[in-house]
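Report on the structure given below.
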Amino acid sequence: MHMADALISPAVGGTLWAAAAGLTAFSARKLKKNLDEHKVPMMGVLGAFIFAAQMINFTIPATGSSGHLGGGMILAILLGPYAAFLVMASVLTIQALFFADGGLLALGCNIFNLGFFPCFIAYPLIYRKIVGARPTQGRILLGAMAAAILGLQLGALGVVLETWFAGVAELSLSTFLLLMLPIHLAIGIVEGLITAAVVSFVWKAHPAILTQAPHPPAVRVHSHKPLLLGLALFAVVAGGMLCWFASTHPDGLEWSLKGVTGREELAGPKEGVHGVMAWIQEKLAFLPDYDFRKPEEEKAGQKEESWPEVSPGKSLAGILGAAMTLLLAGVIGFGLRRYYSHGKG
Amino acid sequence: MGKIESALLNIGYLETLSYQQTPLHRLDPRAKLLTTLVFIVAVVSCGKYEITGLLPFIIYPVVLIAVGNLPPGYLARKILLAAPFAFFIGIFNPLLDRAVLVQLGPVGISGGWVSFASIMLRFVLTVSAALILIAGTGLNAVCLALEKMGAPRSFVMQVLFLYRYIFVLTDEALRLVRARALRSFQGRGMGFKVFSYMIGQLLLRTLDRAHRIHLAMLSRGFEGKIHLIRPLHLRSQDVAFFLGWSALFVLMRWYNIPLLLGNAAAGLIR
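For the record, the sequence lines run as chains A and B.
Take the first sequence: its letter number 200 is residue 490 in this note's numbering, and every next letter is one higher.
Take the second sequence: its letter number 32 is residue 24 in this note's numbering, and every next letter is one higher.
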C-alpha cells in the first residue's frame, strides 16, 4: 500500500511531509520524557522484524491481489503509540531510500497512512478501549481485529484521497473507494488475525509488556527471554503461513489502480489561451496543480512549444533535441569520469 | 527468500560504495540531501505528458555517477529491480488513453504511451537520485545531516539502529541459507517446516545479538549520541553545489531545453 512519487503532486507530498515531520517531532518529544534505555535496541530489532515481515506478500483469496503486513498495530501494542510511530517512520524511510518502495516525496504520505492511522487513531480509540487495563484472550482478538481493520481502512482512504487531491491519476473518487476499501477490508482481517496471534502470545509469555505499553514504563525488563520466544514462535507461524501465500501478484493498491484508471478518453488538444498572461502563469507555475483531466489547457500556455500537439515537425524537433540532450549528457558524464580517474592515477 | 537475499546484499554494496573518497563523497551531506529533494520535486512537478522536458534532468545522475565513481551498471540493475511497481501502474495508461498525441510520419502515438513513458522516466530519475544520495553519502552521514537539520534525535537513532540490525539479520540469514543449501544438495523448494525453523532461529539469534551489541556499546561509553568521524562543516563548495544544481533544475523546469535545441538544429538544417 505504498504511495509512489509517480502518483502524487508536490503539493500533496509537501503537505503530508510537513504533517509526518510534525508527528515525528511530537512522538520523539513524548518518548524522550520517559525513555527507557532498553527500549532503544528493542525498537531497532522490532523495526528490522517488521521490515522482514513486510517483504513477504500474501495473496488474498479470490481476488488475485496481494498485500503485506502494515505492522503498525503490532508495534503500537508492543511499544505504545509514540515509539511505534517512530519505528514505522524509520522502516518506511529505509524502504524509500534503499528499495525505492514509495519514494522520497511520497514518504510523508506513507508515514501518515501506515504510521499515523494505526498508532494514533486505531490503537488508542479502538484497541485500548476494547482491551482495557485487564486483557483477556477474547478481548485481545476482538481489539486487535477491529483496530487492524480500522487502521487499514483509514490508510486506504488516505491513499485514495491523496491520489485524488494530487490529480495525477484519472480516477473517479467513488469507484476508487469501492475498489480500495473492500480489498483493504480483506487485508485488514488477515492483519488482524496475525496481530491478535502475536499479541496474545506475548500476553501469555510476558503480560507486563502489554499493560505497560500505553504509558512507557519505568520498569526495566531484565529478561527478554519469554518475549523473544513469543516473537520467535510468531515468526515461525507467520513465516510458514505467509510463505504459502507469498505471491508475485500485484498488491492491493496496484490492483485497484489497474481496475479504476479512468475510462474517459482525453479530449483533443484545444487551441487554448495565448498571450503574455498565459506565458507568465505557465512560467510561474513551478508546482502546477496539474489536473489530469485537462492537461491541454495547461499546456496551451506554452504556445507553440507544447509537446502534446499533433504535428510531425514539432515531434521531429522534439526527438532531435532529445537525442542531442542525451548525447550531451553522456559526453559530459564520460568526460568527467575520464578527468577524475586521470586525476587519481 | 531469493528477493530478500539479493535486496539485502545490495544494501551492503551500496554502503561500501559510500566509503569512497571522491569530490562527491567529500561534499557536506546536507548539501546533497537538499539538492536531491529539490531535484525530486522539480521532476515530479512536471506535467503528465512531459517527456522532452524531463530528459535534461538526466544530467544530474550522470554527472554525479561520473564524479562519484559509482558503477552505472549496478545502479541500473537496482533501478530495474524496483521498476515493476511503476511499470505496472503505468502500463494501463496506453490501454485506457488512446487519443493520438504525437504524429511521427505514418505512426501515431497515443497519449497513453506518452504518459506511460513519462511515468517511467520520472521513476528512473527519482529512484536514481535517491540511490545516488545513499551511494555517494552513506546512511550514517545522511542521518547526521537529518539531525543537524532538525530531525528529532530519537528518530535518527532509530533509523541508525534499524539499519544496523538489518545488516546483522542479513548476515545471519545468508549463513543459514548457505548452510541449508550445502546440506541439501541445492534441493529446490525449501520445506515449509525447514523454512519456519530457519526464520525462528534467525529471529532468536538476531535479538540475542542485538542485546549483545547494545551491551557492548554501553560498555564503550555509548550515552545516546552517535559520533561520526567526519565533523560537518558547510564550505563554499557545498553551498555552490546546492545553489548551482538548484538553479539548473529551476531553469530546466521552466524551459524545455531539448525542444529549443531541436528547433535550433532543425532551423540550421533548413
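Ideal Cβ positions, reconstructed from N, Cα and C, are used throughout, including at glycine.
On a predicted model such as this, the values are computed, not experimentally measured, just so you know.
- Take Gly45(B), set aside five residues on each side of it, and the residues of its chain with a beta-carbon closer than 7 Å to its own are Cys38 and Asn248, in chain order.
- Each of Pro15(B), Gly254(B), Pro53(B) and Ile111(B) was checked against the Cα of Val36(B), and the nearest Cα belongs to Ile111(B).
- Three or more pairs of CB atoms, one per stretch, sit closer than 8 Å, so the segment 13 to 23 of chain B contacts the segment 56 to 74 of chain B.
- Between the segment 99 to 113 of chain B and the segment 139 to 155 of chain B there are fewer than three inter-stretch CB-CB distances shorter than 8 Å, so the stretches are not counted as touching.
- Straight-line measurement puts the Cα of Leu368(A) at about 17 Å from the Cα of Lys320(A).
- Distance from the CA atom of Leu432(A) to the CA atom of Pro250(B), rounded to whole angstroms, is 60 Å.
- Counting only the Cα atoms, Gly422(A) lies some 44 Å from Ile126(B).
- The beta-carbon distance between Val106(B) and Tyr41(B), rounded to whole angstroms, is 5 Å. This is short enough to meet the 8 Å contact definition.
- No Cβ of chain A is located within less than 8 Å of the beta carbon of Val30(B).
- By the rule that beta-carbons nearer than 8 Å mark a contact, Ile384(A) touches chain B.
- The C-alpha of Ser631(A) lies about 32 Å from the C-alpha of Leu610(A).
- Lys24(B) counts as buried, since at least 16 other C-beta atoms from the protein chains shown sit within 10 angstroms of its C-beta.
- Put simply, of Pro21(B), Pro48(B) and Leu131(B) the residue whose alpha carbon is nearest the alpha carbon of Thr8(B) is Leu131(B).
- Any Cβ of chain A closer than 8 Å to the Cβ of Tyr66(B) would place that residue at the interface, and such an atom is absent.
- Under the Cβ criterion of 8 Å, Val449(A) is not counted among the residues facing chain B.
- For Pro300(A), the enclosing alpha helix (DSSP H) starts and ends at Pro300 to Lys323.
- Residues of chain A with a Cβ closer than 8 Å to the Cβ of Arg156(B) are, in chain order, Gly334.
- Think of a sphere of 8 Å around the beta carbon of Pro300(A): the chain B residues whose beta carbon falls inside it are Val33, Val36 and Ser37, in chain order.
- Take Thr485(A), set aside five residues on each side of it, and the residues of its chain with a beta-carbon closer than 6 Å to its own are Met363, Ile364, Ala434 and Ala438, in chain order.
- Counting of Cβ neighbours within 10 angstroms places Tyr629(A) among the exposed residues, the total staying below 16.
- As the crow flies, the alpha-carbon of Ala68(B) is around 20 Å from that of Gly625(A).
- The three-state secondary structure of Met435(A), taken from DSSP, is helix.
- Taking the CA atoms as reference points, Asn400(A) sits about 45 Å from Ala257(B).
- About 6 Å separates the CB atoms of Gly393(A) and Thr118(B); that is less than 8 Å, so the two are in contact.
- Close to Ser380(A), with beta-carbon spacing below 7 Å, are these residues of chain B in chain order: Phe147, Gln150, Val151 and Leu154.
- Annotation: the segment 391 to 478 of chain A contains no complete segment of the beta strand (DSSP E) (minimum length 3 residues).
- Of all alpha-carbon atoms in Ile43(B), Ala173(B) and Leu174(B), the one lying nearest the alpha-carbon of Gly104(B) is that of Ile43(B).
- For Asn132(B), no Cβ of chain A is located within less than 8 Å of the residue's own Cβ.
- Bounds of the alpha helix (DSSP H) holding Arg245(B) are Ser228 to Trp246.
- Of all residues in the segment 221 to 254 of chain B, only Val242, Arg245, Trp246, Asn248, Ile249, Pro250, Leu251, Leu252, Leu253 and Gly254 place a beta-carbon less than 8 Å from a beta-carbon of chain A.
- For the segment 47 to 58 of chain B, the set of positions with a beta-carbon nearer than 8 Å to some beta-carbon of chain A reads Leu47, Pro48, Ile50, Ile51, Val54, Val55, Ile57 and Ala58 in chain order.
- For Val377(A), the residues of chain B that pass the 7 Å Cβ criterion are Gln150, in the order they occur in the chain.
- Residue range Ile249 to Ile261 is occupied by the alpha helix (DSSP H) that includes Asn255(B).
- One Cα belongs to Ser317(A), the other to Leu447(A), and the distance between them is close to 23 Å.
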